[in-house]
Amino acid sequence: MTTESFRKDVARKLADLQADEDETKSVAFPKDLTSSDRKYIHKIAESFRLPTVSSGVGDERYIEVFKVAPEGHEARRPPPGSWNTPSFLIPMTQRASLQRVLATAPPATGKMALASVRPYSHKKFGNQPKLAPLAPGDCAEGYWPDDETWLPITITSVAVDGGFTITWEDGCESEVPADYVRRSAEDCGAPESSPELLEKALGKIRVRPNYAKLAKREDLPAFRQREAVEEGIRKNQVVLLSGETGCGKSTQVPQTIIDACPGAKVLVMQPRKLAAVTLAQRVSEERCQAVGVDVGYQVPFGGKAPNARLVFCTLGVFRKRLLNDPTLAGITHVVFDEVHERDKLADFNMIFMRDLLAQRPDLKLILMSATLQLETFEQYFEGALRLDVPGRVFPVSNLYLDEVVATLWKQQNFRTWLGPGVLCGGIDIPAGAEGDWNERAWKTIVFQHPKAEDRETLWGLREKGLEPQMMAPMSKQRLLDGLRKHDCLQQSSLAFDFPIIEALLLHIDRMHKDQMKNKASDEEEKPPGAVLVFLPGWGDIDQLQKRLVTNFDAKRFSILALHSQVSPEQQREIFEPPPTGIRKIVLTTNIAEASITVDGTEFVIDCGRAKEVSYDPYLKVGTLTTSWISQASAKQRAGRAGRTQGGLCFHLMCRDRYSKLDEFLPPELLRSPLEDSALTAKLMLLQMGSSEKVSTFLMKAPSPPEPIAVENSLQLLTDLGAFTAGEQLTALGEHLTTSSLPPRLAKVVIWGVLFGCLEDTLAVVAATGGFTRDPFRFAGIPREEAQAIRRKLAGPHNSDHACLLNVMRGFTDASNQQAYCDRNHLVAATMRNIRDQQTKIFTDLSENKSESLASRRSGSFELLTAVLVAGIFPNIARRRGQSDNLDAQNGKVEVRPHGQSAYIPDKPDEWVFFQEMTQVESSYRIKQVSPVDHLTLLLFGGEGPLVIESSKGKGKGKGKAETHVSLLDGWVKFTIEAGLAEQIQKLRASLQTVFQSFCQKPTEIPPRAHLVFLDAVADLICGTSSGSGEIEVMEIDDDEPRGVKRPAPWAAGPATTRPRPNGPKGQPFKGGGFKGKGKGAPKGGFRPWG
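As structure tokens, then:
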């Protein structure tokens, strides 16, 4: 596990080395790297096809990367050119059907349908009435560059070029350009704000019932500073508000705005859905109101009172609002909270906000954060007011593993809880040594014994004869070496941190008991303080929660999880005081670093890691990886212990590791793929009537991304079909931008509608789109057994997508759904969430979703595979011969399926598609993997050209011409018969024409000829025959769009007993178990739940 800055630095150095023409060049990396760092360099250099050599032993070991392999060096991976070009494989039945399908193919246009975006008119949004041009004698505001502020002026004269002669308040005159003059906010219709109105509103709130219970808000520094905050916002268009943790800025500043300015309408952006909802509830509570009166919230697929005076929303919702209303008509104040997180959407939205502020002087922008990186935003928003709100932070003591280990070691029963890393301190385990005893062998042994009961055998090390050394007295030198070894284990997992967390919780409880025993008789008994435990992700929370619930007394400890996946009822329990005598332990992620306060928190245990988005623009690889947090995040986490009382924070990292952390995490815009940002930017620029290039626009961000990352995003959008080669927005691109789904999944859904398998498509999209957690729970089950369970559920397919689809079908059909979940290791609540997500996505769809079109061919997994490939491409990988490894990203990255994947590499050189790539140390894992046959890959793989080329043959047939067909600049390549290649090329072109036609009119049923062709292609993919392929005109009522309906493609029999893979014989087929109604749905919607 490495830091983001380290990964960026390595990639940049290797890219420079690769581009260098001097073949004698090499790059040597320093000796102080960890074994994990060196392993990462080896693996990434391999992706760059650069040879590496390690030298030295132990602390003297270092790594060098070469442009050309030194003598005697063997490549770890074969070069791309050495791969065999496989023959194109197609069953004879499909081959015979190809010609018949081509007879139904509409002519291919070869053109991309362009978007029809027109600039929005101000009239559409009811903007303020157009004001007359400034004239001599008018009062306005002029920009004073020395102080970077706007000051009152009077217009003296207007120049021919649009500039002005102005008079300042002191009587001095200046000649200035037009953009140095603007109307005052009052002239533009800004609502009145004053401290008198603020106090008047507060007076009304104070007399409301129950306010006395909430009056402690008035002790918050942000409340006490309300007049200064009101004045700063009233007199300045942009305010940068920095408030220490615990000052109350997230709840009090928005209230100050709406109380001081009765005509205000405020949007407050939060980086997370949970924060937006809980803050809306908290602020409403402080105002003695229900949510929906003054305060509302709007989050993806939900909300309450989105038109209230004060609305908390997510950054994604705000971006969508900008798409629908680029002038933010009616909004008077925009607040970005927690801007120190440098969320990609926040930085993206700020580019538009800066431009919008120049057009709307009445609009106010407030940026808030506890650790605001002021320099960046002060430079970005010239003339902004900086306002500091002092914090009400109680003292927090920070302890690192150095002190934690020393403390727990003194308690003999906790010594083995410290783990093999600490206990092996002082034992010689050299890195890079030859033989069977080195650091790698040691890690292999201990990670084979990570369970609590393995402490009895010292994690398999007792048989190595190490017990006397492991249980020897602890010296300072031994402690430092033990911390280094524990840090080495931490690179892979939290397996050996969990026991330390348990020991700390028991230690905290013992300290409290001792304190109560020693308290004076007249001293009030202190309640047990809450403990906040920061972990990387939901899987870690779930694992630790199960351990604590099993090992801790429920009468003394309340173990709770704070995560976006937790139900609202469980979330509310977290914010309520526990019963007397019970200590609340809250397991959470970085979601609780800011905005959310758990009252009574006295202790924080920080694992020092988080799941973060990472992107390597040189390898074009974006991953979700567990990384070390920044020092700023560590400070934020510690601050949660000092919100309501003095506290203590235990950091599960040594001081040496802390010193190596990045000071701040780089902005997300610099460490994530940019295709969604580029796509949205293009649409918004068109709506505003701007001809600005997307690349130019994105480079205006507070921290501009690397040019190569922008280029990559534009190329991927071109491959996806959202942009033309000339960066024009296509009809598909316009549709993807306005969808609530990520671009690739939105494209999957369009294909699902076209081929009539929407129900199955939505089942998979809802389960794999990141909306819910993994429905499987395999705690305590060996990995091999968990994988066997998934494979059984996927049968007869070797596929993660088949596994999830079959699970959704089984859950829907089950008469006892809880029993079905228990039997198959599923979480019933998660399954219901996935099902609810299907309904939400269906309701939000703008395409025609009438059953006669969208559900006419449900039940074919082969067809679902084609639909998924059409959207997910180019997320594909090729198995390397018969090995367990696959090559992805045009052969640059070596990957393996996730450990519990239902997919196991089966056929030599087979192709697969996947939805997610994760990084564990220096290895890459792919999730949601399914194989794809050659025909489906060539027909549905992306929007680029299918290239046919001839070349001289090799081997026995040398001299004989061979025909190759390829995608992605030759990476996807097959040897094929020339005539067959031309047939596939023609079929692919016709499919793209039909798809482009539907993207232009997605609310209408396609023409009859297109449906005939689509059904013929579907039969080809499924290996079935559609008979005559006749299409009959459908008699429909007024509630369903007029169109055509295809006869059932199933064997003769009742319509309610259509067969499906793995379906119970004779039982009604229910597709992906989907129900719902929405725009364009027929009466009754989809079939109801079983």
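With the working numbering applied, the sequence shown corresponds to residues 1 to 1090, in that order. For each residue, glycine too, the CB sits at the ideal point set by N, CA and C.
Worksheet item: Helix, strand or coil: how does DSSP classify isoleucine 789 here?
Response: Counting from 1 along the sequence shown, the entry for residue 789 is found at position 789. Three-state DSSP puts isoleucine 789 in a helix.
Worksheet item: Going along the chain, which residues of its own chain have a beta-carbon closer than 7 Å to the beta-carbon of threonine 1097, five neighbours each way excluded?
Response: Lying before the first or after the last residue shown, residue 1097 is absent from the chain, which here runs from 1 to 1090.
Worksheet item: How about the region 283-292 and the region 613-621: do they share at least three Cβ pairs that are nearer than 8 Å?
Response: no
Worksheet item: Hey, would you say leucine 679 sits closer than 9 Å to threonine 737, going by beta carbons?
Response: Counting from 1 along the sequence shown, the entry for residue 679 is found at position 679. Counting from 1 along the sequence shown, the entry for residue 737 is found at position 737. Yes, they are a contact pair.
Worksheet item: Using the C-alpha atoms, what's the distance from tyrosine 211 back to arginine 12?
Response: Translated into the one-based positions of the sequence shown, residue 12 becomes position 12. Translated into the one-based positions of the sequence shown, residue 211 becomes position 211. About 57 Å.
Practice prompt. Would you list, in sequence order, the uninterrupted beta strand (DSSP E) runs of no fewer than 3 residues that lie entirely inside the region 179-252?
Written response: 238-243
Worksheet item: Got a sec, what are the start and stop residues for the beta strand (DSSP E) alanine 503 sits in?
Response: Within the sequence shown, the letter at position 503 stands for residue 503. Counting along the chain, alanine 503 falls outside any beta strand (DSSP E), though it belongs to the alpha helix (DSSP H) covering 498-517.
Discussion item. Can you check which of these residues, Lys700, Val586, Leu562, Ile44, is closest to valine 604 by C-alpha distance?
Written reply: By 1-based counting over the sequence shown, the position of residue 604 is 604. When each option's Cα is compared against that of valine 604, the closest is Val586.
Worksheet item: Do serine 193 and glutamate 230 have their C-beta atoms closer together than 9 Å?
Response: Locating residue 193 in the sequence shown gives position 193, counting from the first residue. Locating residue 230 in the sequence shown gives position 230, counting from the first residue. Contact flag set, yes.
Worksheet item: Who does tryptophan 911 pair with in a DSSP beta bridge?
Response: As a working mapping, residue 911 is identified with position 911 in the sequence shown. Answer is Arg878, Val932, bridged to tryptophan 911.
Worksheet entry | Pick from Lys25, Met808, Arg547, Asp161 that is closest to proline 70, judged by C-alpha positions | Taking the first residue of the sequence shown as position 1, residue 70 is located at position 70. Closest option to proline 70, Cα to Cα, is Lys25.
Worksheet item: In whole angstroms, what is the alpha-carbon distance linking histidine 73 and proline 51?
Response: Walking along the sequence shown from the start, residue 73 turns up at place 73. Walking along the sequence shown from the start, residue 51 turns up at place 51. Each residue's Cα considered, the two are about 8 Å apart.
Discussion item. Given a cut-off of 9 Å on the beta-carbon distance, is the pair lysine 526 and lysine 519 in contact?
Written reply: For this step, residue 526 is matched to residue 526 along the sequence shown. For this step, residue 519 is matched to residue 519 along the sequence shown. Cβ atoms of lysine 526 and lysine 519: closer than 9 Å.
Worksheet item: For the candidate residues Leu864, Gly944, Gly600, whose alpha-carbon lies nearest to that of valine 748?
Response: The count along the sequence shown starts at 1 and reaches residue 748 at position 748. Comparing Cα positions, the closest option is Leu864.
Worksheet item: Beta carbon of cysteine 261, beta carbon of threonine 165: below 9 Å?
Response: Here residue 261 refers to the residue found at position 261 of the sequence shown. Here residue 165 refers to the residue found at position 165 of the sequence shown. The beta carbons of cysteine 261 and threonine 165 sit no closer together than 9 Å.
Item to complete: For proline 775, collect the residues of the same chain with a Cβ closer than 6 Å to its Cβ; drop the 5 residues on either side in sequence, then sort them by chain order.
Response: The residue given as residue 775 occupies position 775 in the sequence shown. The answer, listed in chain order, is Leu826, Val827, Thr830, Met831.
Worksheet item: Mind checking aspartate 1015: buried by the 16 CB within 10 Å criterion, or exposed?
Response: Stepping through the sequence shown from its first residue, residue 1015 is reached at position 1015. Burial call: buried.
Item to complete: Can you check DSSP and say which residues form a bridge with isoleucine 85?
Response: Stepping through the sequence shown from its first residue, residue 85 is reached at position 85. A small fix is needed here, since residue 85 is threonine in this sequence, not isoleucine. DSSP output for threonine 85 lists no bridge partner at all.
Worksheet item: Going along the chain, which residues of its own chain have a beta-carbon closer than 6 Å to the beta-carbon of tryptophan 459, five neighbours each way excluded?
Response: If you number the sequence shown from 1, residue 459 lands on position 459. Excluding sequence neighbours, tryptophan 459 sits near Pro420, Val446, His449.
Fill in: Touch test, the region 240-248 against the region 217-232, Cβ-Cβ under 8 Å, three pairs minimum
A contact between stretches requires three or more CB pairs, one per stretch, nearer than 8 Å, and the region 240-248 meets this requirement with the region 217-232.
Worksheet entry | isoleucine 1091 to alanine 178 span [Cα, whole Å] | Outside the shown range of the chain, which is 1 to 1090, sits residue 1091, and nothing can be said about it.
Item to complete: Check the C-beta distance from glutamine 252 over to arginine 272 and give it rounded, since I have them as a contact under 8 Å.
Response: The sequence position of residue 252 within the sequence shown is 252, counting from 1. The sequence position of residue 272 within the sequence shown is 272, counting from 1. With a Cβ gap of about 20 Å, glutamine 252 and arginine 272 do not count as contacting.
Worksheet item: From tyrosine 1096 to histidine 507, what does the alpha carbon distance come to, in whole angstroms?
Response: Outside the shown range of the chain, which is 1 to 1090, sits residue 1096, and nothing can be said about it.
Discussion item. Using a 10 Å radius around the Cβ and a threshold of 16 neighbouring Cβ atoms, would you call glycine 770 buried or exposed?
Written reply: Your numbering for residue 770 matches position 770 in the sequence shown. Glycine 770 is exposed by the Cβ-count criterion.
Discussion item. Tell me which residues share the same chain as glycine 545 and place their Cβ nearer than 7 Å to its Cβ, disregarding the 5 neighbours each side in the sequence.
Written reply: One-based indexing of the sequence shown puts residue 545 at position 545. Checking the sequence shown, residue 545 turns out to be glutamine, not glycine. Exclusion of the five residues before and after glutamine 545 leaves Ile559, Ala561, Leu587 as the residues of its chain whose Cβ lies within less than 7 Å of its Cβ.
Worksheet item: Using the rule of at least 16 other Cβ atoms within 10 Å of the residue's Cβ for burial, across every protein chain shown, is methionine 684 buried or exposed?
Response: The residue given as residue 684 occupies position 684 in the sequence shown. Classification of methionine 684: buried, given that the 10 Å Cβ count is 16 or more.
Discussion item. To test your reading of the DSSP string, which unbroken beta strand (DSSP E) runs of 3 or more residues are found completely within the region 971-1033?
Written reply: 972-976
Discussion item. Does valine 753 come out as helix, strand or coil in the three-state DSSP assignment?
Written reply: Looking up residue 753 in the sequence shown gives position 753. Valine 753 falls in the helix class under three-state DSSP.
Practice prompt. Take every Cβ of the region 657-665, pair it with every Cβ of the region 624-643, and state whether three or more of those distances are shorter than 8 Å.
Written response: yes
Worksheet item: Which partner residues of glutamate 962 appear in the DSSP bridge assignment?
Response: By one-based count along the sequence shown, residue 962 stands at place 962. The partner list for glutamate 962 (beta bridge, DSSP) reads Ser951.
Worksheet item: Hey, how far is the Cα of methionine 353 from the Cα of isoleucine 258?
Response: Here residue 353 refers to the residue found at position 353 of the sequence shown. Here residue 258 refers to the residue found at position 258 of the sequence shown. Each residue's alpha carbon lies about 21 Å from the other.
Worksheet entry | Straight-line gap, alanine 406 to histidine 486 (C-alpha atoms, nearest Å) | Here the question's residue 406 lines up with position 406 in the sequence shown. Here the question's residue 486 lines up with position 486 in the sequence shown. Distance between the alpha carbons of alanine 406 and histidine 486 is about 14 Å.
Worksheet entry | Which residues DSSP lists as bridging tyrosine 143, in chain order | Looking up residue 143 in the sequence shown gives position 143. According to DSSP, which records beta bridges pairwise, tyrosine 143 is partnered with Trp150.
Practice prompt. Return the bridge partner residues of alanine 610 from the DSSP annotation.
Written response: Locating residue 610 in the sequence shown gives position 610, where the first residue counts as 1. Paired residues: Ser627.
Practice prompt. Could you please give me the residues that DSSP links to glutamate 916 through a beta bridge?
Written response: Position 916 of the sequence shown, counted from the start, is the residue given in the question as residue 916. Partner(s): Lys927.
Worksheet entry | Per-residue burial, leucine 14 [other beta carbons within 10 Å of its own, 16 or more giving buried] | The residue labelled residue 14 in the question sits at position 14 within the sequence shown. By the neighbour-count definition (other C-beta atoms within 10 Å, threshold 16), leucine 14 is a buried residue.
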